[in-house]
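Each residue of the sequence shown is one higher than the last, beginning at 445 in the numbering used here.
Each residue gets a CB set at the ideal place from its N, CA and C atoms; glycine is no exception.
First the structure, in the form of structure tokens, and then the observations on it.
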Amino acid sequence: MRNFLIVGGSRGIGNSLGAVLPEQGDTVWIVSRTQPQCMNRPDGVTRHWIQGDVTDLALAKKLDAEIGRQKLDVLIYNAGIWEESPFGQLTPERIARIVTVNLTAMLVIVQALMVQLKGAPKANVILVGSTSGLPHRHSSAVVYDASKNGMRGAAHTLREIFRGTNVGVTYFAPGAVAAEVHVEDGPQAALTKHQGRRMPVQDVVDVLRCILSLSPAALVKEVIMPALNDKDI
């Protein structure tokens with residue numbers, strides 16, 4: 445029986461993870477601004493919705509209070525936002541919001557829950573980034589790419605913070621994912637919609653299940669998973 449925290453779980457990949465990654469007997473707290481669709485699934489998983497915006501850095505204290513002194517086996521940080529305008533047209537406020545959602549809030553939340561993570565027999569922190577967080581990517585999304593590069597760097601350094609404990613940190617960088625096609629619609633629905641150019645969310649689920657199934661002696665530092673037809677990496 446594992447305890448999960450999924451930050452960014454109302455849409456896209458996070459919505460699918462909240463639905464199918466925990467198993468019967470598990471408990472999952474899902475953090476999002478709007479209520480996730482998976483809350484009342486009759487699958488034996490106990491789900492709690494924590495309504496909040498990660499740009500409110502006080503949310504970390506709320507999560508600490510909600511989970512209390514219970515162990516936390518899995519923390520998945522999946523919150524992220526894109527820049528819709530060219531870099532030269534972004535307002536300072538928009539730049540700050542992108543960095544806060546994609547990077548700063550993650551750091552604050554992981555810091556707040558270190559005790560709960562260390563209390564689990566085997567804990568996994570999975571930071572969902574992007575191939576945008578990799579060097580030599582052909583992209584002009586300055587702020588988004590910078591924040592994902594920062595997340596990748598944080599993952600490597602957090603491993604040093606947790607060294608000697610039972611907590612492993614993984615940076616997971618997927619490429620093009622058909623995030624809007626729910627995992628339960630099946631891989632073929634995603635492949636058909638995007639003519640094979642985007643990965644089904646099931647591929648993401650399968651990789652994360654593999655990481656979570658490993659023994660406490662194993663550590664997956666980084667997973668780089670572009671779609672086969674991605675051309676910007």
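- Taking a cut-off of 8 Å on C-beta distances, the stretch 518 to 528 does not touch the stretch 502 to 509, as fewer than three cross pairs fall below it.
- Taking residue 543 as the centre and dropping the five residues before and after it, the same chain places the C-beta of 587, 591 closer than 7 Å to its C-beta, in chain order.
- Residues of the same chain with a CB within less than 7 Å of the CB of residue 656, apart from the 5 flanking positions on each side, are 518, 568 in chain order.
- C-alpha of residue 559 to C-alpha of residue 638: approximately 42 Å in a straight line.
- Nearest neighbour of residue 615 by Cα position, chosen from 531, 462, 633, 595, turns out to be 595.
- When the beta-carbon positions are compared, residue 634 and residue 642 come within less than 9 Å of each other.
- A distance below 9 Å separates the beta carbons of residue 627 and residue 645.
- Secondary structure at residue 576: helix, using DSSP grouped into helix, strand and coil.
- Between residue 501 and residue 473, the gap from beta carbon to beta carbon reaches 9 Å or more.
- In terms of Cβ geometry, residue 671 and residue 621 form a close pair [threshold 9 Å].
- Burial check for residue 454: the Cβ neighbour count within 10 Å reaches 16 or more, so the residue is buried.
- Residue 603 and residue 557 have their alpha carbons spaced roughly 15 Å apart.
- Just measuring C-alpha positions, the residue of 487, 481, 563, 581 sitting nearest residue 514 is 563.
- Judged by their CB atoms, residue 575 and residue 619 are nearer to each other than the 9 Å cut-off.
- If you compare the alpha carbons of 470, 669, 675, 478 with that of residue 573, the shortest gap goes to 669.
- Here DSSP, grouped into helix, strand and coil, assigns residue 652 to helix.
- Rounded to the nearest whole angstrom, the C-alpha separation of residue 495 and residue 509 is 14 Å.
- Counted as a single uninterrupted DSSP element, the beta strand (DSSP E) harbouring residue 666 occupies residues 666 to 669.
- Comparing alpha-carbon positions, the option among 550, 610, 647 lying closest to residue 451 turns out to be 550.
- Secondary-structure assignment with DSSP links residue 612 through a beta bridge to 568.
- Taken through DSSP and simplified to helix, strand or coil, residue 554 comes out as helix.
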